[in-house]
Amino acid sequence: MSSNVARGGASLGARPPAPRMRSAALASLRPKSSSAPVPRGDATDRARKSPQTHTPPFAAFRSMVWKYWRENGRHKLPWRRTSDPYKILVSEVMLQQTQADRVIPKYKEFLRWFPTVRALARAPLIDVLKVWSGLGYNRRAKFLHDAAIQIVEKHRGKVPRDHESLRALSGVGDYTARAVRVFAFNEPDILIETNIRTAIIQSFFRPSPNVRGRIKLGKVTDRDVATIARRLAQRQHAREWHSALMDYGAHLKRSGVCNNHRSAHYTKQSKFEGSLRQLRGSMLKSLMGEGLNNDLRGRYSNTRVRGVLEGLKRDGLIVSHEGEWRIA
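Below you can see the structure in the form of structure tokens.
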């Protein structure tokens, strides 16, 4: 690799500005008026400890989301300007626990170095890690590299389309497999991520009063969210619809809506400064250069350094030989 190395806020995930729909099809999705009503609807109680579910006009909600996206959507995100399955896979792995604005430059750089799945599979791991450096969660780079090798060896260099084969790839979980199917192949899967949760919880779940008239904030599960998402689904336009829903949820967050605590699946990301993640990244970067430097050894106890090195070794990122550590 040359030494001159020239990428979702909210993790957002589209294809070209103004989605790839025929004009007549797109027109049918647009609201009839410029001001779509905010869904309200009648309330229906569920179990006593469940959130209260509303039954708003789904068509009005869809119109509101489409209208927002058409006028304000992030159509220029680079992964929204392609449906190449490899590029979508790269973007989805990068967007795991990382904001879109941080991913954009690294995504572009990564694809300059590894423009195809075969190019990535052929590359030494150390080159992949060097390009990935700065994005964090470096194990994702190893997973992506391993996945590329699997795709070349088992799928003739083509990213698989079916959910089971995608899930079998290194580092690809249920959400990432679904996201690749939606954004690369326009398959009508249901995606649940932080911005979609925000949009659906805010519009379809409201706190319900208990018997004493106090507000009861029931937890909303992803199963609850998925039930609504299926009713909202735009099966023929899954790619554009999920992009629109993500952007609308991100817009709500920027507008001050904070309902993460309502989700039964919400976990707050741990502090980075002084964390194990920070130390792992520092050691890996050091090993990609001149080796583990004395500054790092001096700042941390031998026990902690040894623990981090063993963890990196277990993850397949580094190896040791005669007491010396190096990139695998």
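So for the sequence shown, this note's numbering puts the first residue at 4; every next one is plus one. Every residue gets a Cβ at the ideal spot worked out from N, C-alpha and C, and that includes glycine.
For the set 81, 160, 175, the Cα lying nearest the Cα of residue 167 is the one of 175.
Counted as a single uninterrupted DSSP element, the stretch harbouring residue 329 is not any alpha helix (DSSP H) but the beta strand (DSSP E) occupying residues 327-330. Residue 323: not part of any alpha helix (DSSP H); member of the beta strand (DSSP E) spanning 321-324, first to last residue.
In the DSSP assignment, residue 258 falls outside any alpha helix (DSSP H), carrying neither H nor E.
Its Cα nearest to that of residue 230, the residue 203 stands out among 248, 209, 203, 253. For the 8 Å CB-CB criterion, residue 150 and residue 136 do not form a contact. Restricting attention to 86, 198, 125, the CA atom closest to the CA of residue 185 is found in 86.
Closest by C-alpha distance to residue 188, out of 83, 307, 279, 62, is 83. Residue 307 sits in a helix when the DSSP states are folded into three classes. Remark: C-beta atoms of residue 197 and residue 255 do not approach each other more closely than 8 Å.
In the structure shown, residue 279 falls within a helical segment according to DSSP collapsed to helix, strand and coil.
Rounded to the nearest angstrom, the Cβ distance from residue 121 to residue 155 is 6 Å, consistent with a contact under 8 Å.
For residue 116, the enclosing alpha helix (DSSP H) starts and ends at 103-116. Counting C-beta atoms within 10 angstroms of its own C-beta, residue 322 has fewer than 16 neighbours from the protein chains shown and is therefore classed as exposed. Around the beta carbon of residue 76, a 10 Å sphere encloses 16 or more other beta carbons of the protein chains shown; the residue is thus reported as buried. Note that the C-beta distance between residue 71 and residue 119 is not below 8 Å. Per the coordinates, the alpha-carbon of residue 223 lies some 17 Å from the alpha-carbon of residue 235.
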